[in-house]
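In what follows, a structure is listed as structure tokens, so that the remarks can point back to it.
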Amino acid sequence: MQFTVAIDGPAAAGKGTISRAVADRFGLAHLDTGALYRAVGVKAAATGSDPVAAALSLTPEDLARADLRTLEAGQAASKVAVIPEVRQALLDYQRDFARRAGGAVLDGRDIGTVICPEAEVKLFVTASAEVRAHRRWLEVGGDAAQVLAEVRARDERDMTRADAPLKPAANAVQIDTSTMSIEEAVAAACAEVAARL
Ligand code: C5P
1 MQFTVAIDGP
11 AAAGKGTISR
21 AVADRFGLAH
31 LDTGALYRAV
41 GVKAAATGSD
51 PVAAALSLTP
61 EDLARADLRT
71 LEAGQAASKV
81 AVIPEVRQAL
91 LDYQRDFARR
101 AGGAVLDGRD
111 IGTVICPEAE
121 VKLFVTASAE
131 VRAHRRWLEV
141 GGDAAQVLAE
151 VRARDERDMT
161 RADAPLKPAA
171 NAVQIDTSTM
181 SIEEAVAAAC
191 AEVAARL
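Numbering (full-length UniProt numbering), first residue to last: 1 to 197.
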């Protein structure tokens, strides 16, 4: 079965939780594409290497680093994500993953627009910047105002870059999770997938 679910949206909107739940529920493979950009950003910073070279030489060990979920890794990811050659270097891996037998869920920023424009299901998961910053702050702690500033900075960079900016695909279903519980958001996403299976 070739069945792809594309889940895009800004940082901390709930994409990761929803994607894992959808993959579990329907028995699909899951790829967190943000982890690829985080690994490239962290690797380039740690080794002082060119981000394009880091993207071309990405290994499973790079993807398993413990420090990929930090705020710094998120910022580093969004900085390397503006480089077209970095995006190009990660393209085939993502498309091959989407072609897996059995179907797949990919979450990121440009899955429905660039990576899998033919995806059977496209969801755009959003929430207000304040709600997203609060969720991220619960995960990472620290100064709440700084977490909000970082969420806004990342939104700005992701939405205004020239190559594959964050935006809903024309035929994406939008799910605003600002006032939803995790269970409600997962149920809304699963209902969309079930309707197209
Ligand atoms: O989803 P996550 O917050 O882990 O993504 C980290 C960063 O990687 C994003 O802010 C974005 O700049 C970049 N990214 C991207 N395209 C994707 C996934 C992530 O540009 N498909």
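Glycine residues also receive a C-beta, built at the ideal position from the N, C-alpha and C atoms.
Within 10 angstroms of its Cβ, does Gln146 collect 16 or more other Cβ (buried), or is it exposed? For this step, residue 146 is matched to residue 146 along the sequence shown. It counts as exposed.
| request: Under 8 Å by Cβ, that's how I've got residue 210 and Ala77 pegged, so tell me the actual separation to the nearest angstrom. | output: Examination of residue 210 is not possible in this model, given that the chain is present from 1 through 197 alone.
Practice prompt. Identify which residue in Ile83, Leu148 and Ile111 has its Cα closest to the Cα of Val52.
Written response: Counting from one through the sequence shown, the residue named residue 52 turns up at place 52. Cα-wise, what sits closest to Val52 is Ile83.
| query | Taking Cβ to Cβ, would you say Ser19 is nearer than 7 Å to Asp107? | reply | Within the sequence shown, numbered from 1, the residue matching residue 19 stands at position 19. Within the sequence shown, numbered from 1, the residue matching residue 107 stands at position 107. For Ser19 and Asp107, yes; Cβs fall inside 7 Å.
Pairwise C-alpha distance: Asp143 and Val105:
Sequence index remark: in the sequence shown, residue 105 carries index 105 (1-based). Sequence index remark: in the sequence shown, residue 143 carries index 143 (1-based). Cα to Cα, the separation comes out at about 33 Å.
Problem - Endpoints, beta strand (DSSP E) assigned at Thr4 - result: On the sequence shown, position 4 is the one that residue 4 refers to. Segment Thr4 to Asp8, the beta strand (DSSP E) holding Thr4.
*Going by the C-beta, is Gly112 closer than 6 Å to any heavy atom of the ligand C5P?*
Within the sequence shown, numbered from 1, the residue matching residue 112 stands at position 112. For the ligand C5P, not one heavy atom lies less than 6 Å from the Cβ of Gly112.
Report task. May I have a chain-ordered list of the alpha helix (DSSP H) segments no shorter than 4 residues that lie completely inside the stretch 24-56? Result -> 33-47 and 51-56
Exercise. Taking 6 Å as the cut-off, does the CB of Tyr37 come closer than this to any heavy atom belonging to the ligand C5P?
Worked result: Taking the first residue of the sequence shown as 1, we reach residue 37 at position 37. Indeed, a heavy atom of the ligand C5P lies less than 6 Å from the Cβ.
*Can you round the beta-carbon distance between Arg109 and Leu166 to whole angstroms, since I take them to be within the 8 Å contact cut?*
Residue mapping note: residue 109 aligns to position 109 of the sequence shown, counting from 1. Residue mapping note: residue 166 aligns to position 166 of the sequence shown, counting from 1. 4 Å between Cβ atoms; contact.
- Of the choices Leu148, Leu90 and Thr17, whose alpha-carbon is the least far from that of Ser57? On the sequence shown, position 57 is the one that residue 57 refers to. Nearest option by C-alpha distance: Leu90.
With a threshold of 6 Å (Cβ to nearest heavy atom), would Ala149 be considered close to the ligand C5P?
Reading the sequence shown from its first residue, position 149 is the one you call residue 149. The answer is no for Ala149.
When DSSP labels each residue in this structure, what does Asp143 get in the three-state scheme?
As a working mapping, residue 143 is identified with position 143 in the sequence shown. If DSSP states are grouped into helix, strand and coil, Asp143 belongs with coil.
- Going by other Cβ atoms of all chains shown within 10 Å of its Cβ, with 16 needed for buried, is Glu130 buried or exposed? For the purposes of this step, residue 130 is identified with residue 130 of the sequence shown, where counting begins at 1. With fewer than 16 other Cβ atoms within 10 Å, it is exposed.
Presumed contact (8 Å Cβ cut-off) between Leu28 and Gly103, rounded CB distance
Counting from 1 along the sequence shown, the entry for residue 28 is found at position 28. Counting from 1 along the sequence shown, the entry for residue 103 is found at position 103. Sure, about 4 Å apart at Cβ, within 8 Å.
Could you tell me how far apart the beta carbons of Val186 and Val121 are, in whole angstroms, since I believe they sit closer than 8 Å?
Along the sequence shown, read from residue 1 onward, the residue named residue 186 stands at position 186. Along the sequence shown, read from residue 1 onward, the residue named residue 121 stands at position 121. Wrong, their Cβ atoms sit about 14 Å apart, outside the cutoff.
### Query
Helix, strand or coil: how does DSSP classify Leu71 here?
In the sequence shown, the residue the question calls residue 71 occupies position 71. In the structure shown, Leu71 sits in a helix (DSSP, three-state: H, G or I).
Do you know how far the Cα of Val86 is from the Cα of Ala55?
Here residue 55 is taken as the residue at index 55 of the sequence shown, counted from 1. Here residue 86 is taken as the residue at index 86 of the sequence shown, counted from 1. Spanning the two alpha carbons is a distance of roughly 6 Å.
* To do: Give me the Cβ distance between Ala127 and Ser178, rounded to the nearest whole Å; I'm assuming they're in contact under 8 Å.
  => For the purposes of this step, residue 127 is taken as residue 127 along the sequence shown, with counting starting at 1. For the purposes of this step, residue 178 is taken as residue 178 along the sequence shown, with counting starting at 1. Sure, about 4 Å apart at Cβ, within 8 Å.
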